[in-house]
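Data block below; observations after.
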Amino acid sequence: MKVIKIDKNIWAGGIDSLRSGYRLFGPVMQGDAHEYKELTSDETPDMAYTNTRLSPKSVVFPQSEPMFTYSLDENNPEHHILKDAPKDYSPRAVIGMRPCDAKALSLVRMNFDTEEYRDPFWMNSYDATTFVGLACDSPCETCFCTSAGCGPYHEEGFDVLLSDCGDAYEAKALTEKGEKLLAAAGWTAEGDASVFEPKKAEAEAKIVCKVESSNLRGKNSLDLYDAPFWKELSFACINCGTCTYACPTCWCFDIQDENKGTEGVRMRNWDSCMTSLFTLHGSGHNPRDQKHQRFRQRFMHKLKYFVDKYDKGLMCVGCGRCVQQCPANIDIRTICNKMNGYEAAS
Amino acid sequence: MESYIGKIKEISERLLNDGTVECVVGFRKGTVALTNEPCMITKASDVQDLVWDENCRLNLANYLTGRKEKIAVIAKGCDSRNIVNHIIENKISREQLVIIGVPCKGMVDKNNPEVLQANCATCLHRNPVIYDELCADLVEEQKEVDRYEDVRKIEAMETQDKWAFFEDLLTGCTRCYACKNACPLCYCPTCFVDESQPQWIGKGTDPIDIRTYHFLRAYHCAGRCTDCGACEAACPQNIKMRHFTKKLEKDCNELYGWEAGLTVDQRPPLDSFKVDDPDKFIM
Chain Z
2 MKVIKIDKNI WAGGIDSLRS GYRLFGPVMQ GDAHEYKELT SDETPDMAYT
52 NTRLSPKSVV FPQSEPMFTY SLDENNPEHH ILKDAPKDYS PRAVIGMRPC
102 DAKALSLVRM NFDTEEYRDP FWMNSYDATT FVGLACDSPC ETCFCTSAGC
152 GPYHEEGFDV LLSDCGDAYE AKALTEKGEK LLAAAGWTAE GDASVFEPKK
202 AEAEAKIVCK VESSNLRGKN SLDLYDAPFW KELSFACINC GTCTYACPTC
252 WCFDIQDENK GTEGVRMRNW DSCMTSLFTL HGSGHNPRDQ KHQRFRQRFM
302 HKLKYFVDKY DKGLMCVGCG RCVQQCPANI DIRTICNKMN GYEAAS
Chain S
-10 MESYIGKIKE ISERLLNDGT VECVVGFRKG TVALTNEPCM ITKASDVQDL
40 VWDENCRLNL ANYLTGRKEK IAVIAKGCDS RNIVNHIIEN KISREQLVII
90 GVPCKGMVDK NNPEVLQANC ATCLHRNPVI YDELCADLVE EQKEVDRYED
140 VRKIEAMETQ DKWAFFEDLL TGCTRCYACK NACPLCYCPT CFVDESQPQW
190 IGKGTDPIDI RTYHFLRAYH CAGRCTDCGA CEAACPQNIK MRHFTKKLEK
240 DCNELYGWEA GLTVDQRPPL DSFKVDDPDK FIM
């Protein structure tokens, strides 16, 4: 595994070199918080950020994305035929992504890339992207990645992992894609691989928040579903989409046709299981018309159904965004511990 | 305000013990800084969980909508005004409620605990307007505050500047609907944003749809908004959508001399007709 040293005085120059071959995305200050966005030619990623408000899932899975275009004009010989919406799948790179967000994309991939289905929009974007991570040396107090199968130096899903070593980054190339990006940036100085292990241990020690999830796999789903605590835990929830939109592992979307005159676009938009409309049937019946049912679904999906279906741990990477942003202080850490410790009465 | 909690617990415990109410709606300590969690206490032994401080931003009237039990609710000034709204709009009956009034000294800004939340800084009704119990002596109401300075600034803008201001204001909105879901006024069984026959607005991030949502929601709150600030407190993107509702609040005040939620004895102006109602704004 190749490690390259990038002196910070050649960092911006390297980023500039990348612009001709990649569409670059990175964290930049937007209003009062950092967000990932496509960088303009005079922007460089702000590597001093702690974390972004929204995850970078939008780089491969935009909140609103045109899938197809069509015409309703019957004089048009191709009316009512769906055509691919114009797309740009040229190489792109996310610079300065946190390990939790990269692992999240690996988890989400399990949904979009299966033996039966391969979502072309998500996969084409994912395949076009080189993911350059920035290890977390100063985690937030709401971070619990080490309890969620992840960590501040976790490498899963990255092509390159950077560690900030003061005057320089040590860059670990993890894939061929990553090596290609480092070469394209002109970063070639040999680095020091030995810095990663001690820095990793130091960073992990800073994550003091622990969540218990080891019992979840062995629990009976129906016992958890019928557990008596859902109404109480969900009381404060206002059923908004804050947690689902901020979550890097939430992948649900809704499909909408938007027409203007006789021309239309079939869009897909992020959806949220916290809303009543999510499960409203055409008949008018709604299997989750109560708040606690929607609340239960979100946590059962992340912490039980996903765990059972894939046996790859939680559908949560411990980024803490939902904990920080929930208007009503619904805390997935509390709920996970409660589910993990629940024993149904025999 | 932390000193109120002893009395709040004492009243809550008594009401639960003597069977006056089935539950108490209040706040418990949050798991992250500067946050408390709305909660419902049903056992007298659990009243110890209740807290009261400057981080009880959400409006608890929002948690009363359509409930059937006999409820004690902890209500600061704005919560009490939204309870009045709820009573007028038949969302809860007065007989169901024991209102534990909290003379409020203002909530602190969720992003900067050194200052009061913007709506609290210009609040004229810190004391509950309707209550059955009080957890402390009434506080002195703020005087000589200019409630509409920011609205006048926007009113004075040229059309293009105003448009640019609103565009900038709504940047970052993800349509998570935390604002409307935290709002006690937004209780429609199906919000217009969720209607599909007809579908009033698109569901994506098109700025036209985002604007339409915020503008329409604000109009639905005209003459009803108490400026409790729950919308802004809930917004994960820190959007200041009170700019919209405050303009309508100011108009209602100027046109009808109306402040929402002060009395259960008078129908709101947009809910009633008088021969001498002003009509200059009708084109």
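Those protein sequences? They're chains Z and S, same order as listed. For the first sequence, our numbering gives the first residue as 2, with consecutive numbering after it. For the second sequence, our numbering gives the first residue as -10, with consecutive numbering after it. All C-beta atoms in this analysis are idealised placements derived from N, C-alpha and C, irrespective of residue type, glycine included.
Counting C-beta pairs with one atom in each stretch, the segment 41 to 48 of chain S and the segment 183 to 191 of chain S have fewer than three that are closer than 8 Å, which means they do not touch.
Looking at the backbone, the Cα of THR263 (chain Z) and that of GLU184 (chain S) are separated by about 22 Å. With a threshold of 7 Å between beta carbons, CYS241 (chain Z) makes contact with chain S. A buried status is given to ARG206 (chain S), since no fewer than 16 other beta-carbon atoms sit within 10 Å of its beta-carbon.
In this structure, the alpha-carbon of PRO196 (chain S) lies about 24 Å from that of LYS142 (chain S). Residue range 243 to 247 is occupied by the alpha helix (DSSP H) that includes THR245 (chain Z).
Secondary structure at VAL196 (chain Z): helix, using DSSP grouped into helix, strand and coil.
Residue burial is scored here from C-beta neighbours: LEU113 (chain S) has fewer than 16 other C-beta atoms within 10 angstroms and is therefore classed as exposed.
Two segments are said to touch when three or more pairs of C-beta atoms, one from each, lie closer than 8 Å; by this definition the segment 170 to 182 of chain S touches the segment 44 to 52 of chain S. Annotated three-state conformation of LYS339 (chain Z) is helix, per DSSP. Residue-level contact by beta carbon holds for PRO27 (chain S) and chain Z, with a gap shorter than 7 Å. Going by DSSP, PHE16 (chain S) is part of the beta strand (DSSP E) stretching over 12 to 18.
Approximately 4 Å separates the beta-carbon atoms of ARG24 (chain Z) and ARG93 (chain Z); this is inside 8 Å, confirming the contact.
VAL61 (chain Z) carries a coil assignment under DSSP once its states are collapsed to helix, strand and coil.
Near chain S, meaning a CB-to-CB distance below 7 Å, the residues of the segment 265 to 278 of chain Z are MET268, ASN270, LEU278.
Look at TYR166 (chain S): its C-beta is under 7 Å from a C-beta on chain Z.
Under the three-state reduction of DSSP, GLU(-9) (chain S) is assigned to helix. TRP271 (chain Z): member of the beta strand (DSSP E) spanning 264 to 271, first to last residue.
Taking 7 Å as the cut-off, the beta carbon of CYS162 (chain S) is found closer than this to the beta carbon of ILE199 (chain S). Remark: C-beta atoms of VAL253 (chain S) and ILE88 (chain S) do not approach each other more closely than 7 Å. Within 10 angstroms of the beta-carbon of ASN25 (chain S) lie 16 or more other beta-carbons, which makes it buried. For ALA346 (chain Z), the three-state secondary structure derived from DSSP is coil.
In this structure, ILE5 (chain Z) lies away from ALA129 (chain Z), with their beta-carbon atoms at least 7 Å apart.
Nearest Cα to ALA184 (chain Z) within the set Z:LYS9, Z:LEU19, Z:HIS293, Z:MET2: Z:LEU19.
Interface annotation, PHE236 (chain Z): in contact with chain S, CB-CB separation under 7 Å. Sequence-distant Cβ neighbours of LYS292 (chain Z) in its own chain, meaning closer than 8 Å and more than five residues away, are SER235, CYS238, ASN240. For VAL324 (chain Z), the neighbours in chain S by C-beta distance under 8 Å run, in chain order, THR20, VAL21. Burial is judged here by how many other beta carbons sit within 10 angstroms of a residue's own beta carbon; MET316 (chain Z) has at least 16 and is buried. Under a criterion of Cβ atoms nearer than 8 Å, the residues of chain Z adjacent to GLY193 (chain S) are, in order, GLN64, SER65, GLN257, GLU259, MET268, ASN270. Bridge pairing for ILE5 (chain Z): Z:ALA172, Z:GLU191 [DSSP]. In this structure, DSSP gives MET48 (chain Z) a state outside helix and strand, which the three-state scheme calls coil.
Residue pairing from DSSP places TYR37 (chain Z) in a beta bridge opposite Z:PRO28. Here ALA345 (chain Z) is exposed: its Cβ has fewer than 16 other Cβ atoms, across all protein chains shown, within 10 Å. Secondary structure remark: continuous beta strand (DSSP E) runs of at least 3 residues inside the segment 104 to 155 of chain Z, in chain order: 130 to 135. THR70 (chain Z) is bridged by DSSP to Z:LYS84, Z:VAL266. Put simply, the CB of ASN76 (chain Z) is far from chain S, with every gap to its CB atoms at 7 Å or more.
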